[in-house]
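Working notes for the structure below.
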Amino acid sequence: MDLKSIADRLYALRPGDFMAARSEFVRAAKEEGDKEAAAAIGKFRKPSLAAWALNLLARKARPDLQRLENLGVALRDAHGRFDGETLRDLSKQRHQVIRALVAEVRSLASGEGQKLSESVLRDVETVFAAALADPAVTEVLLAGTLSATNDLTLPQAWPESPEPVVDEVGLRREQRAERLRQELGRARADAQHTAEVRDRAQSALSHAEQKAERAAQQVADLTAELERLRATEQEAATEVREARAVFRTAEKAAERARRHLETLE
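Below, the structure is given as structure tokens:
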């Protein structure tokens, strides 16, 4: 028998319907002669009210749990980089996301005719906080087959199966660690490429600044030369005006001399 499928069906039920349904699955397994499956199904624990509500969330509002998962990744990354500013921003989001999820759990349970007490909601809130710190907790929440919330690091927090859940959680952690290592490698390569681009840009900037300095000096030299030529032009213009005045005086004197000569003749 498919134990995973059976677990999915059992933990989708309300806690009050769990025991009868589990007994029916055990009976069916025995009739099929699958004693191992019957024993495994019989070990599936009835979910607590908080666990049932979290399983309901996983089925009805899975994207909300995935947002919690993404926030957990961001928080752990910021912690690893000692990024205080990002941590402050994410901490604000943390409180907002957890409050919204608790409200969603309360609403979903109410829609199923089940009112959750404040103590149950506190248990739910504690699980969300644990999920932000440990990605394996989020993985278990997303599975929707939680049976208890007292300690999500212990195997009895989930229904038992032929393969130990602890090993599965460890594998998930290793896989996530490997993904993080790969991301780190890519990030280092990107950082190196960015540094090379920065160095080339810095060299180009230095060259452009030197070129601008030379051009500015040329402009200053040309401006000085222009001022000198303007001064020379002004001196020449003055000399022209003076020469014209002398010429007009000489011309008038020559005219007077010519007329005087004509009278003498």
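103 is the number of the first residue of the sequence shown in my numbering; add one for each residue after it.
Using N, Cα and C, we set each Cβ at its ideal position, and we do this for glycine too.
Computed from a prediction, not measured in an experiment: that's the story for all the values here.
Identify whether residue i lies in helix, strand or coil by the three-state DSSP scheme.
i	result
Q336	helix
S125	helix
S209	helix
T296	helix
R370	Residue 370 lies beyond the stretch modelled for the chain, which goes from 103 to 367, so this question has no answer here.
T247	coil
Q216	coil
R111	helix
E357	helix
R330	helix
D104	coil
R302	helix
Which same chain residues, not among the five before or five after residue i, have their C-beta less than 6 Å away from its C-beta?
i	result
E262	Annotation note: pLDDT 38 at E262 (below 50); position unreliable, no value reported.
A355	none
V222	L151, A152
Using C-beta distances below 7 Å, list every residue in its chain close to residue i, excluding the 5 sequence neighbours before and after it, in chain order.
i	result
A293	none
A347	none
Do you know whose CA, among the options, lies nearest residue i's CA?
i	options	result
E206	A155, A359, A141	A155
S107	L286, R124, P117	R124
R278	A130, D166, G174	G174
A202	L167, A232, R190, F184	L167
Please confirm whether residue i and residue j have their CB atoms less than 8 Å apart.
i	j	result
L151	L234	no
A139	L105	yes
R164	L244	yes
L158	A176	no
R161	G246	yes
Just to confirm my understanding: we take residue i, look at its own chain, exclude 5 residues before and 5 after, and list those with CB closer than 8 Å. What are they?
i	result
T251	S150, A152, A153, L156, D225, V226, T228, V229, A259
Residue ranges of each beta strand (DSSP E) run of no fewer than 3 residues wholly in the stretch 146-201, ordered along the chain?
Counting whole runs of 3 or more residues, the stretch 146-201 contains no beta strand (DSSP E) stretch at all.
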